[in-house]
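J.: Here the sequence shown is numbered in the working numbering, starting from 3 and rising by one per residue. Here a beta-carbon is modelled for each residue, glycine too, at the ideal position from N, C-alpha and C. The structure's right below; bear with me while I get my questions together.
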Amino acid sequence: LKNCKEGNEKVEEVCGCHCRGPSTAACCFLDRIFARPDELLQEEVTKFPGLIDMIKHLHAVVRDEYGCPFSLTSLLQLPGVLDAVMRSTDPINFVADEKPILLAEACMACLSYSMLTVDDHFFTDQSVR
Numbered sequence: 003l004k005n006c007k008e009g010n011e012k013v014e015e016v017c018g019c020h021c022r023g024p025s026t027a028a029c030c031f032l033d034r035i036f037a038r039p040d041e042l043l044q045e046e047v048t049k050f051p052g053l054i055d056m057i058k059h060l061h062a063v064v065r066d067e068y069g070c071p072f073s074l075t076s077l078l079q080l081p082g083v084l085d086a087v088m089r090s091t092d093p094i095n096f097v098a099d100e101k102p103i104l105l106a107e108a109c110m111a112c113l114s115y116s117m118l119t120v121d122d123h124f125f126t127d128q129s130v131r
């Protein structure tokens with residue numbers, strides 16, 4: 003995906019998404035994929051060796067670039083994914099000078115913040131699940 007700010011201002015929609023950056027558009031795309039996963043997708047996601055890194059990057063886009071939070075909630079609902087996040091000892095640094103926190107804490111903080119600030123009953127339901 004091309005960043006619309008860099009060279010192609012005429013693009014208003016990519017695959018039904020109106021996001022202006024490739025990372026936020028990728029969040030929308032992942033939300034669509036993970037919202038109704040079939041068994042094969044669930045199996046492949048849980049076996050994916052870069053799952054934790056993908057969640058870390060997805061978390062950063064949702065947190066820092068206001069990416070679609072449904073992508074994170076949908077992914078965390080897949081069987082085995084939340085368990086992998088909870089077992090992960092990977093740290094997340096919010097600010098360079100502060101003590102890093104665990105990925106599970108970062109994901110829960112992101113979802114909690116979104117639940118408190120987004121006035122969307124569907125999102126709240128997804129986050130609670």
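Over the uninterrupted alpha helix (DSSP H) stretch that includes residue 55, give me the two end residues.
T.: Run containing residue 55: 53–66, per the alpha helix (DSSP H) assignment.
J.: According to DSSP, which residues form a beta bridge with residue 1?
T.: Look at the range of the chain in this structure, 3 to 131, and you will see that residue 1 is not part of it.
J.: Could I get the ranges of all uninterrupted alpha helix (DSSP H) runs contained in the region 29–53, with 4 residues as the minimum, in chain order?
T.: 41–49, all fully within the region 29–53.
J.: May I have the straight-line CA-CA distance separating residue 40 from residue 76, to the nearest angstrom?
T.: Roughly 13 Å separates the two Cα atoms.
J.: Count the CB pairs spanning the region 80–89 and the region 21–30 that are closer than 8 Å, and state whether there are at least three.
T.: No, because fewer than three Cβ pairs between the region 80–89 and the region 21–30 fall closer than 8 Å, the two stretches do not touch.
J.: Once DSSP output is grouped into helix, strand and coil, what is the label at residue 112?
T.: Residue 112 falls in the helix class under three-state DSSP.
J.: Taking its Cβ as the centre, do 16 or more other Cβ atoms sit within 10 Å of residue 69, making it buried, or is it exposed?
T.: Classification of residue 69: buried, given that the 10 Å Cβ count is 16 or more.
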